[in-house]
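Before any comments, here is the structure.
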Amino acid sequence: MKLFWKAAAVWFLALVSTPLAADQLSLFRIGTGGIGATYYPIAGLVAQAISNPAGHCEPDEICGVPGLVAVAQSSSGSVANVRDIVGGRIESGFVQSDVAFWAYSGVGAFSEEGRQTSLRAIANLYPESFHIVVRKDSDVETVRDLSGHRVAIDEAGSGTLVGAQLVLEAFGLGGDAVSVSYLKSDDAIEKLVNGDLDAFFLIAGYPAKVIEWASEQTAIRLLPIDGPETEELVRLNPFLQTDIIPAATYDGISQVPTLTVAAQWVTRDDVSEETIYGILEALWRSDARRLLDRGHAQGRVIRLETALEGVGIPLHAGAQRFYRDVGVLQRQSERLKTTN
C-alpha cells in the first residue's frame, strides 16, 4: 500500500509539473469506496487514462484530456458519492446502478432527500458481486443461518449497506434478526479473525483485494446467495442479476452463486459537455484499453459496446453526443427495439 501511495504521489507531481500553467489545469475527482475494494483501483486506472499526461503515450496518440488532472478519491461508497457529486464536492463517482436510479428518482435510500435530478450517467462499467464472508469453521452455511449472528454490513453511505439490507430482508432477517454492525471491510476482517464477528458483506467486482487479504488472515468461505428468495429479489429489483463467483477467484474457495449489480460512472449535469466528451474519447482509445486490460480483472470487462447497458438515469450531454458520434447510442436503441 505504501508503494502505491508513493507511485500515486510521483504520478500526481508529474502531472502538475507539466508545462501547462496551474490555472490551465482542471481537477477531476472520481469518488470511489474503500481502498481495499474494487472501485478504488479501477478508478485509479481510469484517472490515469483520462489525465494528460497519462504516462507513456505513442507519439501519434492523444494522451488524455489536455489540462485534466483526474484522481481517484476514497469514500464511504455509492450513496456518499452521489451526495458528494450533487453537493459539488467531487466531479464524478462510481455508483451502483440501483443507487443511481434511486437517487435520480428520489426513492429507496433517497426517499427522504427527494430526487437528485442533476445526476447524469457517463458510462456503465462492470458487474459488482455480492460477497458474504464467514470463517471456514463457522456453523453458518446459508444466508438464513445468519439469524442471531453478528454481521457487518459496511458503513452509512455505502452501496454495500443498502444491498446487504435488501438481502437480509429477502431472507426474513430484517429488524433484530441479526446483530448488525456498520464497519468497513478492513475493520470487519479484524473482528472476524478475532472471533468478534460472524460475517460481513461486501459488494465489489471480483477479485476484491480486501477479500484476498481476509483469506490470508484466516480460512474463509463465501455464503451462497440463491434460492426462491433470490429469484424474488431479482424480480422486484431489475438492477440485480443472479451470477456466480467462479472457483479459485479466491484461494481455496469453490464456485458460489451470488447476485450482481452494475457499477456505473456518474457525474453532474453542470460539468462541461466538452470535458465529458473528451474524457470518453480518452477512455476508449487503444492505449487506455491496454491499461484497463492489464490493470485489473474487472478492467477487462469495461467495454464501449456495453457502456449504456443498464443505465437508468439520463446521460450527460457530453456522453450522449459521444455515444451518438461513435454509433453506440443507435445500436443500443436498436437492441432495445429488438428485445421489446
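Here the sequence shown is numbered in our numbering, starting from 173 and rising by one per residue.
All C-beta atoms in this analysis are idealised placements derived from N, C-alpha and C, irrespective of residue type, glycine included.
Problem set entry | Inter-stretch contact at 8 Å, needing at least 3 Cβ pairs: the stretch 387-403 / the stretch 347-355 | no
Exercise. What's the gap between the Cα of V498 and the Cα of A272?
Worked result: 25 Å
Exercise. Can the beta-carbon of L369 be found closer than 8 Å to that of R322?
Worked result: yes
For this session: Sort F372, A324 and A244 by Cα distance to A221 and report the nearest one.
Result: A244
For this session: Kindly indicate which residue of V251, V218, I325 and S247 has the alpha-carbon position closest to the one of G236.
Result: V218
Exercise. Taking the C-alpha atoms as reference points, what is the distance between L345 and Q337?
Worked result: 9 Å
Exercise. So, do the stretch 286-293 and the stretch 307-324 have three or more beta carbon pairs nearer to each other than 8 Å?
Worked result: no
Exercise. V251 lies in the beta strand (DSSP E); which residues open and close that run?
Worked result: No beta strand (DSSP E) holds V251; the alpha helix (DSSP H) holding it covers S250 to V258.
For this session: For N296, collect the residues of the same chain with a Cβ closer than 7 Å to its Cβ; drop the 5 residues on either side in sequence, then sort them by chain order.
Result: A434, Q436, T478, A479, L480, E481, G482 and V483
Exercise. Under three-state DSSP, which class holds L340?
Worked result: helix
For this session: Could you tell me the boundaries of the beta strand (DSSP E) in which I304 lies?
Result: L291 to R307
For this session: Would you mind working out which of L463, F494, Y354 and V241 sits nearest N224, comparing C-alpha positions?
Result: V241
For this session: Give every residue of the same chain whose Cβ lies closer than 6 Å to the Cβ of Q504, excluding the five residues on either side of it in the sequence, and list them in chain order.
Result: L480
For this session: Would you kindly report the start and end of the unbroken alpha helix (DSSP H) that includes T402?
Result: P400 to L408
Exercise. Looking at the unbroken beta strand (DSSP E) that takes in R322, where does it start and where does it end?
Worked result: R322 to A324
Problem set entry | Residue environment, A420, which counts as buried when at least 16 other CB atoms sit within 10 Å | exposed
Exercise. In this structure, what does DSSP give as the bridge partners for G273?
Worked result: Reading the sequence as shown, one finds Phe at residue 273 and not Gly. In the DSSP output, where bridge partners are listed per residue, F273 has none listed.
Problem set entry | Sub-8 Å separation of E300 and T447 beta-carbons | no
Problem set entry | Exposure of P213, with buried meaning 16 or more beta-carbon neighbours within 10 Å | buried
Problem set entry | I392 - DSSP class collapsed to helix/strand/coil | strand
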